[in-house]
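Trainee:
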Amino acid sequence: MQYRSLGGNGPTVSVVGLGTWALGGDAWGPAHDGESEDAIRAAIDAGVTLIDTAPAYGDGRAEEVVGRAIAGRRDEVVLATKVGIRRHGPHHVVDLSPQAVRREIDESLRRLNVDTIDLYQIHWPDKKTPIEETVGALARLHEAGKFRFLGVSNFKPALLERARAVFPLTCLQLHYSLLNRSAESHTLPGCAKHGVGTMGYGSLAGGILTGKYRELPHFGPGDARGEFYRFFCEPVWSAAGRLLETLRAIAHERTRPVSQVAINWARRVPVAGGGAVAPARGGVTCALVGARTAAQARENAAAGEWELSGEELSRIERAWRAQIAPLR
Numbered sequence: 068m069q070y071r072s073l074g075g076n077g078p079t080v081s082v083v084g085l086g087t088w089a090l091g092g093d094a095w096g097p098a099h100d101g102e103s104e105d106a107i108r109a110a111i112d113a114g115v116t117l118i119d120t121a122p123a124y125g126d127g128r129a130e131e132v133v134g135r136a137i138a139g140r141r142d143e144v145v146l147a148t149k150v151g152i153r154r155h156g157p158h159h160v161v162d163l164s165p166q167a168v169r170r171e172i173d174e175s176l177r178r179l180n181v182d183t184i185d186l187y188q189i190h191w192p193d194k195k196t197p198i199e200e201t202v203g204a205l206a207r208l209h210e211a212g213k214f215r216f217l218g219v220s221n222f223k224p225a226l227l228e229r230a231r232a233v234f235p236l237t238c239l240q241l242h243y244s245l246l247n248r249s250a251e252s253h254t255l256p257g258c259a260k261h262g263v264g265t266m267g268y269g270s271l272a273g274g275i276l277t278g279k280y281r282e283l284p285h286f287g288p289g290d291a292r293g294e295f296y297r298f299f300c301e302p303v304w305s306a307a308g309r310l311l312e313t314l315r316a317i318a319h320e321r322t323r324p325v326s327q328v329a330i331n332w333a334r335r336v337p338v339a340g341g342g343a344v345a346p347a348r349g350g351v352t353c354a355l356v357g358a359r360t361a362a363q364a365r366e367n368a369a370a371g372e373w374e375l376s377g378e379e380l381s382r383i384e385r386a387w388r389a390q391i392a393p394l395r
């Protein structure tokens with residue numbers, strides 16, 4: 068496993084992190100807690116140090132699963148969770164009021180069974196509460212020792228700057244994959260300029276970039292793969308299939324799974340001499356990937372053991388420009 072500093076002032080983390088949205092059991096089909104805990108432990112055994120969760124994942128269930136899985140191994144992980152989204156009946160609501168922030172961090176500490184959180188992230192912007200009020204409340208919780216580093220998720224550059232003016236930010240978590248590169252124009256360069264680390268979720272685009280789907284799948288109501296990840300529809304589905312031909316070829320040459328090629332691309336570093344279409348910038352600091360089983364966790368973690376060459380990145384870039392770029 069390779070490791071990087073998460074931003075200019077943050078902790079050292081594995082280049083592949085474990086995302087736990089699916090372990091909540093309410094957005095990716097059924098989850099089994101025993102298997103989920105085994106997956107987390109297998110990821111740690113494979114060198115993954117960054118574990119990302121949130122109260123919104125299964126109404127706290129994912130946090131509880133993580134807490135049990137890391138018991139006795141707390142010093143081996145950089146524990147990241149979030150604040151600001153809670154369940155209200157069948158729906159989720161965004162609430163970043165100071166009182167909600169104070170309540171939520173204590174609830175997360177209890178579910179995770181830890182004394183402090185390594186990286187506490189604002190899950191989603193709240194249009195009702197000025198970000199300055201939210202970050203001010205979080206700064207006081209930092210002084211109380213309840214978390215070490217502050218991050219944000221799903222923030223536009225302007226809102227990120229307002230938050231940074233109140234308290235130092237370690238990380239921005241954002242949606243990033245070969246099927247969603249919108250962050251490359253302004254967000255990733257801005258974070259690099261200001262020393263803010265980046266974590267990319269959706270690295271496998273809801274599973275499409277694993278190459279496991281040979282036919283267009285249909286998911287049930289409320290399943291994030293069909294509702295949050297808007298890739299399981301035409302024309303994106305067919306274009307992704309053509310892009311996957313290039314990923315499969317590289318995977319075959321490398322004797323690696325297709326998923327590792329996609330993960331590796333997401334956390335790539337800038338490569339010189341890769342040809343005219345080599346990407347000018349790297350990807351995210353840490354690529355988050357979910358896993359339901361220990362075998363999946365080990366396979367995903369292995370993407371942090373190797374790097375795509377400049378020639379391979381150029382091939383992927385050409386395929387992306389031919390198949391995905393015209394759809395933007």
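Take the sequence shown: its letter number 36 is residue 103 in the working numbering, and every next letter is one higher. Just so you know, even glycine gets a beta-carbon here, dropped at the ideal spot from N, CA and C.
1. Do PRO165 and GLU200 have their C-beta atoms closer together than 8 Å?
2. Could you name the residues of the same chain whose beta carbon sits closer than 6 Å to that of ARG364, not counting the 5 residues immediately before and after it, in chain order?
3. Please go through the same chain and pick out, in chain order, the residues whose beta-carbon is closer than 8 Å to the beta-carbon of GLU312, but skip the five residues on each side of it.
4. Check the DSSP bridge columns for ALA147 and list the partner residues they point to.
5. Taking DSSP's pairing of strands, which residues face GLN240 in a bridge?
6. Measuring only the C-alpha atoms, how far is CYS353 from LYS195?
7. Using a Cβ-Cβ cut-off of 7 Å (strictly less than) and excluding sequence neighbours within five positions of VAL133, which residues of its own chain qualify?
8. Which residue or residues does DSSP assign as beta-bridge partners of HIS155?
9. I need the DSSP call for GLY340, collapsed to helix, strand or coil.
10. At the level of alpha carbons, what is the spacing between ARG169 and HIS242?
11. By DSSP, does ARG169 sit in helix, in strand, or in coil?
12. May I ask you to report which of helix, strand or coil DSSP gives ARG281?
13. CYS353 by DSSP, collapsed to three states: which one?
14. Using three-state DSSP, classify GLY84 as helix, strand or coil.
15. For the beta strand (DSSP E) containing SER72, list its first residue and its last residue.
16. Just verifying my parser: in three-state terms, what is the DSSP assignment at ASN76?
Mentor: Once the coordinates are examined:
1. Yes; because the gap between Cβ atoms is below 8 Å, this pair is in contact.
2. Reading the sequence as shown, one finds Ala at residue 364 and not Arg. Only ALA106, ALA109, ALA110, ALA358 meet the Cβ criterion.
3. ALA386
4. According to DSSP, ALA147 bridges with ASP119, LEU186.
5. SER220, MET266
6. Rounded to whole angstroms, CYS353 to LYS195 spans 31 Å at the Cα level.
7. THR87, ILE107, ILE118, THR120, LEU179
8. For HIS155, which the question treats as bridged, DSSP gives the partners HIS158.
9. Residue confidence is low: GLY340 scores 42 on pLDDT, short of 50, so the model does not pin down where it sits. No coordinate-derived value is stated.
10. The alpha-carbon of ARG169 is positioned some 27 Å away from that of HIS242.
11. helix
12. coil
13. strand
14. strand
15. 70 to 72
16. coil
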